[in-house]
Structures are given as C-alpha cells and as structure tokens.
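In our numbering, the protein residues as written are 4 to 128.
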C-alpha cells in the first residue's frame with residue numbers, strides 16, 4: 004500500500020460526517036484523502052471497513068462499466084499511528100466544497116418551506 008503521509012497537502016474544505024478528509028497531491032493530481040470514522044461500537048469493523056468498502060465498491064462498479072472516481076488504498080500516519088485510508092481522485096475545482104447528502108437534503112427542505120410560505124397559505128410538501 005502507498006504511504007500518503009509525506010505527500011504534499013492543499014488547503015481545501017470537504018463536508019461530510021464520515022471521518023476526516025484532507026486534500027493531497029499524488030503524482031501531480033489532487034486526491035481527497037478519507038480517514039476511517041471514529042469507532043463507536045465494534046472497533047474492528049468500523050475502523051477500516053468504510054475505507055476498504057469504498058475502495059472495493061468503486062472497483063466493482065468500474066468493472067461492470069459504471070463510471071466512478073479513481074480510488075487508491077493506502078496508509079497515513081497520525082500521531083505516530085498508521086491508519087488505513089482511501090484516496091479518491093478529486094474531480095472538483097479549488098473553490099468547490101463537497102456537501103454531504105444530509106446537509107443538502109435539509110437545505111432543500113428549508114428552501115422549499117421558505118418559498119412555499121411566501122406563495123401559499125397552506126404549503127404542501
């Protein structure tokens with residue numbers, strides 16, 4: 004596996020609740036480096052499961068012909084401890100922020116309520 008620890012980083016914000024994320028430069032390309040979420044119940048399952056699952060899932064979709072972003076499985080050292088991480092090729096521009104689904108869903112509902120409240124007496128969603 005590739006050790007991403009010494010790769011150059013870029014300042015970029017990524018939203019989402021599933022673990023931390025940073026932007027790294029690998030072979031001249033920008034990747035979103037995703038860390039595993041902090042384990043809550045089963046420490047063995049939750050630690051590497053999300054990174055490995057994302058890597059394997061992306062490659063399965065690619066094999067059957069569904070376009071996906073490039074993913075690379077590797078490691079990253081944090082506080083002297085090596086963690087399994089997944090690097091996802093970043094397809095956004097420098098000033099773009101990726102949003103997690105939950106925040107988008109809530110934003111759309113809030114916008115619909117504001118719009119409906121100004122146009123109708125009894126808004127129906």
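Where a beta carbon is used, it is the ideal one built from N, C-alpha and C, also for glycine.
These figures come from a predicted structure and were not determined experimentally.
Determine the direct distance from the alpha carbon of residue j to that of residue i, and round the result to whole angstroms.
i	j	result
residue 72	residue 37	14 Å
residue 77	residue 13	18 Å
residue 126	residue 93	Note on residue 126: pLDDT 48, under 50, position unreliable in the model; no value is reported.
residue 29	residue 7	8 Å
residue 79	residue 62	21 Å
residue 10	residue 81	13 Å
residue 67	residue 24	28 Å
residue 53	residue 60	10 Å
In the DSSP output, which residue or residues are listed as bridge partners for residue i?
i	result
residue 74	91
residue 32	29
Per DSSP, what kind of secondary structure is residue i in: helix, strand or coil?
i	result
residue 69	coil
residue 53	helix
residue 61	helix
residue 12	strand
Pick from the options: whose alpha carbon is nearest that of residue i?
i	options	result
residue 74	80, 33, 82, 8	33
residue 55	35, 87, 24	87
residue 40	67, 69, 57, 4	57
Whose C-beta lies closer than 7 Å to the C-beta of residue i among residues of the same chain, with five residues either side of it excluded?
i	result
residue 64	71
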